[in-house]
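There are 2 protein chains.
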Amino acid sequence: MKSKKGLSMKDIAKLSGVSVATVSRVLNNNGRFSEETRKKVMEVVEKFNYQTNLVARSLRTNRSQIIGVIVPDITNEFFAAIVLAIESYCFLKGYSVFICNTNEDEEKETAYFKDLIAKGIDGLIYISGKSDKISKETLLKDIPIIFIDRRPNISSNDIVYIASDNYKGGVLATEALIKRGCRNIMILKDIRNLSTVTQRYLGYRDTLMKYNINLGEEYIVNVKKVDFEEARKAVKESIKKGLTFDSIFACTDWLALGAIAALKEEKIAIPDRVKVIGFDNISISKYSHPAISTISQNPEKLGKTAAKVLLDLIEGKTNKTTNYILPVELVLRETT
Amino acid sequence: MKSKKGLSMKDIAKLSGVSVATVSRVLNNNGRFSEETRKKVMEVVEKFNYQTNLVARSLRTNRSQIIGVIVPDITNEFFAAIVLAIESYCFLKGYSVFICNTNEDEEKETAYFKDLIAKGIDGLIYISGKSDKISKETLLKDIPIIFIDRRPNISSNDIVYIASDNYKGGVLATEALIKRGCRNIMILKDIRNLSTVTQRYLGYRDTLMKYNINLGEEYIVNVKKVDFEEARKAVKESIKKGLTFDSIFACTDWLALGAIAALKEEKIAIPDRVKVIGFDNISISKYSHPAISTISQNPEKLGKTAAKVLLDLIEGKTNKTTNYILPVELVLRETT
Numbered sequence: 001m002k003s004k005k006g007l008s009m010k011d012i013a014k015l016s017g018v019s020v021a022t023v024s025r026v027l028n029n030n031g032r033f034s035e036e037t038r039k040k041v042m043e044v045v046e047k048f049n050y051q052t053n054l055v056a057r058s059l060r061t062n063r064s065q066i067i068g069v070i071v072p073d074i075t076n077e078f079f080a081a082i083v084l085a086i087e088s089y090c091f092l093k094g095y096s097v098f099i100c101n102t103n104e105d106e107e108k109e110t111a112y113f114k115d116l117i118a119k120g121i122d123g124l125i126y127i128s129g130k131s132d133k134i135s136k137e138t139l140l141k142d143i144p145i146i147f148i149d150r151r152p153n154i155s156s157n158d159i160v161y162i163a164s165d166n167y168k169g170g171v172l173a174t175e176a177l178i179k180r181g182c183r184n185i186m187i188l189k190d191i192r193n194l195s196t197v198t199q200r201y202l203g204y205r206d207t208l209m210k211y212n213i214n215l216g217e218e219y220i221v222n223v224k225k226v227d228f229e230e231a232r233k234a235v236k237e238s239i240k241k242g243l244t245f246d247s248i249f250a251c252t253d254w255l256a257l258g259a260i261a262a263l264k265e266e267k268i269a270i271p272d273r274v275k276v277i278g279f280d281n282i283s284i285s286k287y288s289h290p291a292i293s294t295i296s297q298n299p300e301k302l303g304k305t306a307a308k309v310l311l312d313l314i315e316g317k318t319n320k321t322t323n324y325i326l327p328v329e330l331v332l333r334e335t336t
Numbered sequence: 001m002k003s004k005k006g007l008s009m010k011d012i013a014k015l016s017g018v019s020v021a022t023v024s025r026v027l028n029n030n031g032r033f034s035e036e037t038r039k040k041v042m043e044v045v046e047k048f049n050y051q052t053n054l055v056a057r058s059l060r061t062n063r064s065q066i067i068g069v070i071v072p073d074i075t076n077e078f079f080a081a082i083v084l085a086i087e088s089y090c091f092l093k094g095y096s097v098f099i100c101n102t103n104e105d106e107e108k109e110t111a112y113f114k115d116l117i118a119k120g121i122d123g124l125i126y127i128s129g130k131s132d133k134i135s136k137e138t139l140l141k142d143i144p145i146i147f148i149d150r151r152p153n154i155s156s157n158d159i160v161y162i163a164s165d166n167y168k169g170g171v172l173a174t175e176a177l178i179k180r181g182c183r184n185i186m187i188l189k190d191i192r193n194l195s196t197v198t199q200r201y202l203g204y205r206d207t208l209m210k211y212n213i214n215l216g217e218e219y220i221v222n223v224k225k226v227d228f229e230e231a232r233k234a235v236k237e238s239i240k241k242g243l244t245f246d247s248i249f250a251c252t253d254w255l256a257l258g259a260i261a262a263l264k265e266e267k268i269a270i271p272d273r274v275k276v277i278g279f280d281n282i283s284i285s286k287y288s289h290p291a292i293s294t295i296s297q298n299p300e301k302l303g304k305t306a307a308k309v310l311l312d313l314i315e316g317k318t319n320k321t322t323n324y325i326l327p328v329e330l331v332l333r334e335t336t
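Residue numbers (our numbering), protein chains in the order written: chain A, 1 to 336; chain H, 1 to 336.
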């Protein structure tokens, strides 16, 4: 164990005239030593600016009291709220949280995963942008890993997965539109095979089937990036192509916001001619004009549940690996 | 250096029949060794699930290639955008970024600071919620520290500080209101002595003086927490107290949004009877109704500048400690 200045416990022992074991006891404030001894050791320590190295300590006790969180987009309020809930819970329980933002970039995700593991975190909460590509090997680490929101393609016995009931969300959104008379419902969604999006899509598809509504492939509009601009462009293009639609189920609120911008530009009245429903209930959906109807998830509960399960696994209070699906709610505002 | 399984380099050397120095060369892929030697060592390593410990490596090379970011509120889009810019720049340059969210809690801030230092980060970007209490001792760490947005009360020669021109922002906001005929301008601000807020207030105060406008202390409305609800309550209270005001300079967009909610509830027409101007230009200011006039900061540039200066300091490309003040812009929308 060396400090950044290159001073080892052995050096400190030599300089202060006590044993290495005594130095260790003093630095860790653990075991017996006289006040005089403490002073001698600390004088040397302070003189050489020795930093008690928590890393080295964690290598001894096998616990760093730090957990990692991998998050795809910190500027997305939904993810930020999940992270905040994780952080708040863990800190109360004596754990620090290191957050890594991947910006939906697979290469970064891989790098951060390695970094966090290498830094000796006790556990990981993982919101992945490439969840369909996560291998079983990822899980063969010494630490528990909890997946939130996006589920890897691995048999359920091996993982802990926590998410909102995305399928139900898809059903609620689609039914809300159908009940308001809509029949030509566009779905606007992320092109990636993320479990969240797939579930929302399946909810939409099954609900259409239930109501005997048959729509062509052109009603499934994919965007490469989940942002305002991509959604705006995609909806404008559908309008130009002459697609007949009376409503849009946008798989996130940001996509809904972009869709609404496109409709406004084309002077299409909302909700009279086209109704729009989003997903997530981020604050912009409440304050934007018109206020957006949406499916409300509970990011606080998602984050807190993940944190609690993770700490229980770390501390051996449970060894159950199971899934948690949290309820969603329909929030009706001005776009439906 | 021990792995989580308790296997040291010495153990690996013994088991694979080579010297400790050779094990080290193989694990670090550094120096000469035969393919046969590499195989022997790696067989043992893999058998015992030895994780090349980047921490231990960083203790040797004095470089972890990881920087820390302390941020007060990850759910605030302005801070999230700064963090994203830092992360994007650093990752391109081969550095990982560990983000710690303090939720504006001083105790957490202290704890995360210690954790990051203990984990051997190469440098720190620090957005503090208690910047007036940061001592010179904080800066006596081995690593460079860059402050963004909120400036500690330490003489400027000792620190690198990067922020928007908050004073100018206060001037621009106040002048915009005065030019539209306002004379009774309320300022709505965080009660803490954060440098950002103080600068915005001074810009407001000096501009009032310049235009010979004298206002009582009651026009300075402080909130304990920078959020929607606190602002809404504070403005409602001022209305109930019978304060005469024709405009509000809210020191953040979230405060502006809360103020607007209070005005709407009291049926006070915006901007006809009361004009409102915010600060930050977060997306909600653009999409809310009415769209909020505000002062635009450039979080991307703040983050990128901080990251660049930090990496230059880490890599010894500069040793200059200086301040960077970035320009702000007035953005006029529907509330003025």
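Cβ coordinates follow ideal geometry from the N, Cα and C atoms, glycine included.
Quick caveat: nothing in here was measured; it's all calculated off a predicted structure.
Should residue i go down as buried or exposed, given a rule of 16 or more other Cβ atoms within 10 Å for buried?
i: S19/H; result: exposed
i: G17/A; result: exposed
i: T244/A; result: exposed
i: A234/H; result: buried
i: D122/H; result: buried
i: I191/A; result: exposed
i: T336/H; result: buried
i: K308/H; result: buried
i: T322/H; result: exposed
i: K93/H; result: exposed
i: M209/H; result: exposed
i: Y50/H; result: With a pLDDT of only 45 at Y50/H, under the threshold of 50, the placement of this residue in the model should not be trusted; the figure read from the coordinates follows. Classification for Y50/H: buried.
i: G216/H; result: exposed
i: R32/A; result: exposed
Step through the CB atoms of chain A and report whether any lies within less than 9 Å of the CB of residue i.
i: L257/H; result: yes
i: L332/H; result: no
i: Y89/H; result: no
i: A21/H; result: no
i: N103/H; result: yes
i: E43/H; result: no
If you follow the beta strand (DSSP E) that residue i is part of, which residue opens it and which one closes it?
i: D190/A; result: I185 to D190
i: I145/A; result: I145 to I148
i: S164/A; result: V160 to S164
i: I220/A; result: I220 to V223
i: A111/A; result: First-last for A111/A: E106 to A118, but that is the alpha helix (DSSP H), not the beta strand (DSSP E).
i: I121/H; result: First-last for I121/H: undefined, no H or E at that position.
i: E329/H; result: E329 to V331
i: F98/A; result: S96 to N101
Can you check whether the C-beta of residue i is within less than 9 Å of a C-beta belonging to chain H?
i: A250/A; result: no
i: N298/A; result: no
i: V357/A; result: Summary: the structure shown does not reach residue 357/A, with chain A confined to residues 1 through 336, and so no result is reported for it.
i: I284/A; result: yes
i: A111/A; result: yes
i: F98/A; result: yes
i: Y204/A; result: no
i: L54/A; result: With a pLDDT of 42 at L54/A, under the threshold of 50, the modelled position of that residue is not reliable, and the figure given next carries that caveat. Yes, L54/A lies at the interface with chain H (some Cβ there is under 9 Å from its Cβ).
i: S288/A; result: yes
i: K93/A; result: no
i: K108/A; result: yes
With distances taken Cα to Cα, identify the nearest neighbour of residue i among the options.
i: I295/A; options: A176/A, G181/A, L208/A and N30/A; result: A176/A
i: F113/A; options: P72/A, F79/A and K93/A; result: P72/A
i: Y201/H; options: I292/H, T318/H, N166/H and A231/H; result: N166/H
i: R180/H; options: V331/H, K317/H, P271/H and K40/H; result: P271/H
i: D227/H; options: G278/H, H289/H, S195/H and D11/H; result: G278/H
i: K119/A; options: V97/H, T102/H, K133/H and Y126/H; result: V97/H
i: L116/H; options: S283/H, Y89/H and I145/H; result: I145/H
i: S283/A; options: K264/A, C100/A and Q297/A; result: Q297/A
i: W254/H; options: N281/H, I178/H and K275/H; result: N281/H
i: S195/A; options: S238/A, E230/A and R150/A; result: R150/A
i: L172/A; options: I148/A, R183/A and Y204/A; result: Y204/A
Output the boundary residues of the alpha helix (DSSP H) element that contains residue i.
i: S195/H; result: S195 to K210
i: A262/A; result: D253 to E265
i: I239/A; result: F228 to K240
i: N153/A; result: Unbroken run through N153/A: none, as it is neither H nor E.
i: I12/H; result: M9 to S16
Worksheet item: Which residue spans inside the region 281 to 327 of chain H form an unbroken alpha helix (DSSP H) run of at least 4?
Response: Correct list: 283 to 287 and 299 to 314.
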